[in-house]
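**Student:** From first to last, the protein sequence lines stand for chains A and B. If you're matching positions, the first sequence starts at 1 in the working numbering and goes up one per residue. If you're matching positions, the second sequence starts at 310 in the working numbering and goes up one per residue. Here it is, the structure, as structure tokens.
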Amino acid sequence: MKKLALFFIMATLILVLTACGNQEDSVDGGLSGIVKIDGSSTVFPITEAVAEEFQIANNKVQVTVGVSGTGGGFKKFTIGETDINDASRPIKDSEIAKTKENNINYLELPVAYDGLSVVVNKENDWVDYLTIDELKKIWEPNSQITKWSQVRPGWPDEEIKLYGPGTDSGTFDYFTEEIIGESGASRSDYTASEDDNVLVKGIEGDKYSLGYFGFAYYVENKERMKVVPIDAGNGPIVPTLKTINDGSYSPLSRPLFIYVNTESLKRPEVYEFVKFYMENAQLAEEVGYVRLPQNQYDENLQAIAAYQQ
Amino acid sequence: MIRHNGNIKDIEKRRKKNMFYFSLFLFATLFGVITLAVLLVDVFIKGIPWLDWQFLNSFPSRFPERAGIKSAFYGTLWMLGLTAPIAFILGVGTALYLNEYAGDTKLKQILQININNLAGVPSIVYGLLGLGVFVRGFALGRSLIAGSLTMVLLILPIIVVASQEALKSVPSSQRNASYALGATKWQTIRRVVIPAALPNILTGTILALSRAIGETAPLIMIGALTFVAFVPGSPMDSFTVLPIQIFNWTSRPQEDFQYIAAAGIIVLLVVLLSMNGLAIYLRNKYQNKY
């Protein structure tokens with residue numbers, strides 16, 4: 001019996017100890033409360049950076065950021081479980097219907113641009129650019145292309161090794177929609193991974209590889225691979241902060257959004273967080289995305305101003 | 310003569326066979342051990358340089374040099390503190406009922422079979438159950454208590470089965486002796502059966518809790534979060550735990566985060582090893598009490 005008591009004392013001790021750890025919250029900063037965020041893994045790095053800086057400035061506010069994917073996040077957002085949803089695509093009609101059902105009003109705020117990068121191995125010296133048609137021929141379902149020489153005459157008669165994100169990824173949806181013309185339609189005999197690191201390593205280690213992923217990952221690993229300029233009819237364009245921002249790197253660049261529940265926005269901690277988000281656009285650039293023109297952030301700030309209490 | 314020759318050949322053949330099986334089993338043993346050793350060495354080489362007080366006492370960050378494991382570590386401790394007592398009371402209670410009170414009826418057989426089956430259900434299924442029942446049904450939200458209750462469900466079958474085995478191993482002569490002295494059933498259970506079975510029950514419980522600490526899938530399902538830069542203050546708070554934080558770090562592009570993840574794995578290993586050590590200590594200490 002004593003041992004049983006001992007066990008409970010231990011359990012209680014753990015509880016007390018953890019509770020103690022909590023009391024070190026410092027005193028400054030008047031704002032407090034919780035901001036709940038979930039959604040796209042593409043937008044996560046930006047929101048995470050903003051949340052980190054915001055909590056340094058307001059250390060009584062608790063900001064939580066999840067990564068359920070854009071769709072998974074909207075499932076929680078549309079029933080009012082979260083205050084903000086990160087989204088790498090605009091909200092769908094079915095999701096809008098859900099918000100109406102649950103009496104949820106929201107604001108759509110663009111926060112940055114994301115570009116997709118098509119990359120090859122560093123030692124690849126034959127690819128100068130790829131056209132959208134060539135990309136489509138390579139990646140479409142049941143594609144017959146197995147060798148570089150089949151893409152364009154004169155290229156090496158070597159097997160082309162393909163790397164790309166898996167089907168759960170927003171990047172995959174986006175690429176297939178823009179290049180193949182149908183979301184989710186892609187050949188399946190390529191090395192697929194949700195973990196962009198796997199793709200980076202695969203492309204780095206194989207001279208005859210070709211792959212695609214988010215611009216941020218390319219920027220992080222610039223020196224390990226070569227980016228392919230894309231020709232969509234107006235000549236080959238290299239993805240850079242500038243070409244993504246001015247829209248010339250089309251169609252492989254897209255806007256990223258946050259969706260804010262307007263009821264939540266009336267709470268000062270949520271309002272201040274969103275305001276902070278718009279006033280610190282350089283954070284998006286810092287984590288590898290492209291910032292929007294300044295007037296877009298100003299518009300966002302005006303849009304939320306009506307909800308300040 | 311001929312027969313003699315045949316015998317010698319036989320011996321050769323049998324020796325070879327003996328050698329073959331010996332090598333096979335040795336290989337089987339070494340395979341696991343060496344893989345584990347390689348993994349551990351890799352993790353330690355990568356993680357040790359990053360493992361310092363700053364790492365233990367900082368919140369997660371997008372900068373590797375600022376990133377720390379504090380919120381995940383406290384999240385895991387909280388979960389342990391909430392899961393342990395609930396799982397222990399429910400698990401041992403169930404085992405006591407099934408072993409000591411329930412008659413050998415159909416109902417008991419059905420319960421028994423179900424408990425054994427539950428131990429084999431994939432953990433993600435418990436995550437779905439937790440999402441439906443605790444997060445949405447009881448409206449506990451994506452909180453520590455919802456996560457802990459889900460973990461209780463996950464490890465309950467293991468604790469019940471381990472406790473039942475422990476109770477069964479108490480000799481019936483001891484119970485009979487207690488009854489012979491005029492003790493009631495509850496007195497017998499409290500004074501004789503539980504003290505004798507407790508070391509094994511505790512061992513089973515602690516091992517089950519170690520499993521709970523390493524689980525990721527059900528917690529992702531119920532919404533334990535990826536970026537949490539505060540220590541939870543009550544069971545209703547949002548939280549993250551060590552395995553989720555480690556998973557998040559390994560999926561980042563910057564190479565430094567792979568090392569940070571290794572440092573996180575070392576912390577998780579230390580927690581797990583100390584729990585297993587505690588289990589062994591308790592078992593040895595109380596084993597031959599009677």
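Heads up, the beta-carbon is just placed ideally off N, CA and C, and yes, glycines get one too. Please read all numbers here as calculations on a predicted model, not as lab measurements.
1. What does valine 469 (chain B) reach in chain A if we use C-beta pairs closer than 9 Å?
2. Quick one: grab the DSSP three-state call for valine 119 (chain A).
3. Mind checking whether isoleucine 258 (chain A) and aspartate 38 (chain A) have CB atoms under 7 Å apart?
4. Once you ignore the five residues that flank asparagine 274 (chain B) on each side, which residues in its own chain have a CB closer than 6 Å to its CB?
5. Below 8 Å on C-beta distance, what does serine 472 (chain B) contact in chain A?
6. May I have the straight-line CA-CA distance separating alanine 486 (chain B) from tyrosine 568 (chain B), to the nearest angstrom?
7. So is serine 26 (chain A) buried or exposed if we call it buried at 16+ other beta carbons inside 10 Å?
8. Find out if the Cβ-Cβ distance for the pair isoleucine 244 (chain A), tyrosine 129 (chain A) is shorter than 7 Å.
9. Closer than 7 Å, CB to CB, is serine 560 (chain B) near chain A or not?
10. Does any residue of chain D have a CB that is nearer than 7 Å to the CB of alanine 57 (chain A)?
11. Quick one: which chain A residues come within Cβ less than 7 Å of phenylalanine 539 (chain B)?
12. Between serine 186 (chain A) and the rest of its own chain, which residues show a CB-CB distance below 6 Å, the 5 nearest in sequence each way excluded?
13. When we look at the beta-carbon of leucine 551 (chain B) and count the other beta-carbons within 10 Å, is it buried (16 or more) or exposed?
14. Of the choices A:Leu210, A:Ile132 and A:Glu204, whose alpha-carbon is the least far from that of asparagine 234 (chain A)?
15. To which residues of the same chain is isoleucine 464 (chain B) closer than 7 Å at the C-beta, ignoring the five residues directly before and after it?
16. Any chance you could list the alpha helix (DSSP H) runs of at least 4 consecutive residues sitting entirely within the segment 71-130 of chain A, in chain order?
17. Does any CB atom of chain B fall closer than 7 Å to the CB of valine 290 (chain A)?
18. From A:Thr42, A:Leu31, A:Val43 and A:Thr64, pick the residue whose C-alpha is nearest to that of threonine 535 (chain B); which is it?
19. Rounding to the nearest angstrom, what Cα-Cα distance links serine 193 (chain A) and lysine 201 (chain A) in this structure?
20. Does any residue of chain A bring its CB to less than 7 Å from the CB of serine 367 (chain B)?
21. Compile a chain-ordered list of the residues in the segment 195-210 of chain A whose CB is closer than 9 Å to at least one CB of chain B.
22. Go ahead and label tryptophan 495 (chain B) buried or exposed: buried means 16 or more other beta carbons lie within 10 angstroms of its beta carbon, across all protein chains shown.
23. How should threonine 493 (chain B) be labelled, buried or exposed, when 16 other C-beta atoms within 10 angstroms of its C-beta is the threshold for buried?
24. Counting contacts by CB-CB distance shorter than 7 Å, is arginine 371 (chain B) in contact with chain A?
25. Counting only beta-carbon separations shorter than 7 Å, does threonine 535 (chain B) have a partner in chain A?
26. Tell me the DSSP secondary structure of threonine 512 (chain B) in three-state form.
27. Out of B:Ile433, B:Leu507 and B:Thr459, which has the shortest C-alpha to C-alpha gap to arginine 445 (chain B)?
28. Assign leucine 256 (chain A) to buried or exposed, taking buried as 16 or more other Cβ atoms, counted over all protein chains shown, within 10 Å of its Cβ.
29. For asparagine 22 (chain A) and asparagine 59 (chain A), what's the separation of their Cα atoms in angstroms?
30. Run through DSSP, which three-state label would serine 547 (chain B) get?
31. Mapping DSSP to helix, strand and coil, what is glutamate 299 (chain A)?
32. Along the alpha helix (DSSP H) that carries leucine 462 (chain B), what are the first and last residues, could you check?
33. Looking at the C-beta of serine 478 (chain B), does it have a partner C-beta in chain A at a distance below 7 Å?
34. Along chain A, which residues have their Cβ under 9 Å away from the Cβ of serine 270 (chain B)?
35. Can you name the start and end residues of the beta strand (DSSP E) that alanine 385 (chain B) belongs to?
36. Taking buried to mean at least 16 other C-beta atoms within 10 Å of its own C-beta, is aspartate 173 (chain A) buried or exposed?
**Tutor:** Looking at the coordinates:
1. Sequence index remark: in the second sequence, residue 469 (chain B) carries index 160 (1-based). Here the premise fails: no neighbours, minimum Cβ distance about 17 Å.
2. As a position in the first sequence, residue 119 (chain A) is number 119, starting the count at 1. Valine 119 (chain A) falls in the strand class under three-state DSSP.
3. Numbered from 1 along the first sequence, position 258 holds the residue referred to as residue 258 (chain A). Numbered from 1 along the first sequence, position 38 holds the residue referred to as residue 38 (chain A). In this structure, aspartate 38 (chain A) does not lie closer than 7 Å to isoleucine 258 (chain A) by Cβ.
4. Lying before the first or after the last residue shown, residue 274 (chain B) is absent from chain B, which here runs from 310 to 599.
5. Within the second sequence, the letter at position 163 stands for residue 472 (chain B). In chain order: nothing, as chain A lies at least about 12 Å away.
6. Within the second sequence, residue 486 (chain B) is the residue found at index 177, counting from 1. Within the second sequence, residue 568 (chain B) is the residue found at index 259, counting from 1. Going from the Cα of alanine 486 (chain B) to the Cα of tyrosine 568 (chain B) covers about 60 Å.
7. For the purposes of this step, residue 26 (chain A) is identified with residue 26 of the first sequence, where counting begins at 1. Low confidence applies to serine 26 (chain A): its pLDDT is 42, below 50, so where it sits in the model is not reliable, and the reading given next is rough at best. That one is exposed.
8. On the first sequence, residue 244 (chain A) is found 244 positions in, with the first residue counted as 1. On the first sequence, residue 129 (chain A) is found 129 positions in, with the first residue counted as 1. No, these two residues do not count as a Cβ contact at 7 Å.
9. On the second sequence, position 251 is the one that residue 560 (chain B) refers to. True, the Cβ-Cβ gap to chain A drops below 7 Å.
10. Absent here is chain D; the protein component of the structure consists of chains A and B.
11. Here residue 539 (chain B) refers to the residue found at position 230 of the second sequence. The answer, in chain order, is Gln62.
12. For the purposes of this step, residue 186 (chain A) is taken as residue 186 along the first sequence, with counting starting at 1. If we look at serine 186 (chain A) and ignore the five residues flanking it on each side, its Cβ neighbours are Trp139 and Thr176.
13. Counting from one through the second sequence, the residue named residue 551 (chain B) turns up at place 242. Buried, since its Cβ has 16 or more Cβ neighbours within 10 Å.
14. Along the first sequence, read from residue 1 onward, the residue named residue 234 (chain A) stands at position 234. Asparagine 234 (chain A) has its Cα closest to that of A:Ile132, out of A:Leu210, A:Ile132 and A:Glu204.
15. The residue given as residue 464 (chain B) occupies position 155 in the second sequence. Excluding positions up to five away in sequence, the list reads Ala396, Ala517, Leu518, Arg520 and Ala521.
16. 93-101
17. Within the first sequence, the letter at position 290 stands for residue 290 (chain A). No, valine 290 (chain A) lies away from the interface with chain B (no Cβ there is under 7 Å from its Cβ).
18. Within the second sequence, numbered from 1, the residue matching residue 535 (chain B) stands at position 226. For threonine 535 (chain B), the nearest C-alpha among the options comes from A:Thr64.
19. As a working note, residue 193 (chain A) is residue 193 in the first sequence. As a working note, residue 201 (chain A) is residue 201 in the first sequence. Going by the C-alpha atoms only, they are around 11 Å apart.
20. By 1-based counting over the second sequence, the position of residue 367 (chain B) is 58. Not closer than 7 Å to any Cβ of chain A, the Cβ of serine 367 (chain B) fails to qualify, so no.
21. Asp195, Asp196, Asn197 and Val200
22. For the purposes of this step, residue 495 (chain B) is identified with residue 186 of the second sequence, where counting begins at 1. Tryptophan 495 (chain B) is exposed by the Cβ-count criterion.
23. In the second sequence, counting from the first residue as 1, residue 493 (chain B) sits at position 184. Under this definition threonine 493 (chain B) is an exposed residue.
24. Here the question's residue 371 (chain B) lines up with position 62 in the second sequence. Cβ-Cβ to chain A under 7 Å: yes for arginine 371 (chain B).
25. Numbered from 1 along the second sequence, position 226 holds the residue referred to as residue 535 (chain B). Judged by the 7 Å Cβ criterion, threonine 535 (chain B) is in contact with chain A.
26. Here residue 512 (chain B) corresponds to residue number 203 of the second sequence, with the count starting at 1. The answer is helix: DSSP assigns threonine 512 (chain B) an H, G or I state.
27. Translated into positions along the second sequence, residue 445 (chain B) becomes position 136. For the residues B:Ile433, B:Leu507 and B:Thr459, the minimum Cα distance to arginine 445 (chain B) belongs to B:Thr459.
28. Position 256 of the first sequence, counted from the start, is the residue given in the question as residue 256 (chain A). Leucine 256 (chain A) is buried by the Cβ-count criterion.
29. Reading the first sequence from its first residue, position 22 is the one you call residue 22 (chain A). Reading the first sequence from its first residue, position 59 is the one you call residue 59 (chain A). With a pLDDT of 44 at asparagine 22 (chain A), under the threshold of 50, the predicted position of this residue should be treated as unreliable, though the coordinate-derived value follows. Their Cα atoms are separated by approximately 13 Å.
30. Here residue 547 (chain B) refers to the residue found at position 238 of the second sequence. Note: serine 547 (chain B) maps to coil in three-state DSSP.
31. Indexing the first sequence from 1 puts residue 299 (chain A) at position 299. Helix at glutamate 299 (chain A).
32. Taking the second sequence and counting its residues from 1, the one referred to as residue 462 (chain B) is at position 153. Taken as a continuous stretch (DSSP letters only), the alpha helix (DSSP H) holding leucine 462 (chain B) covers 453-477.
33. One-based indexing of the second sequence puts residue 478 (chain B) at position 169. No - not a single Cβ of chain A is within 7 Å of the one on serine 478 (chain B).
34. With chain B running from 310 to 599 in the structure shown, residue 270 (chain B) is simply not present.
35. Working through the second sequence from its first residue, we reach residue 385 (chain B) at position 76. It is worth fixing the name first, because residue 385 (chain B) is threonine in this sequence and not alanine. Taken as a continuous stretch (DSSP letters only), threonine 385 (chain B) belongs to no beta strand (DSSP E), being part of the alpha helix (DSSP H) at 379-405.
36. Indexing the first sequence from 1 puts residue 173 (chain A) at position 173. The residue in question, aspartate 173 (chain A), is buried, as its Cβ has 16 or more Cβ neighbours within 10 Å.
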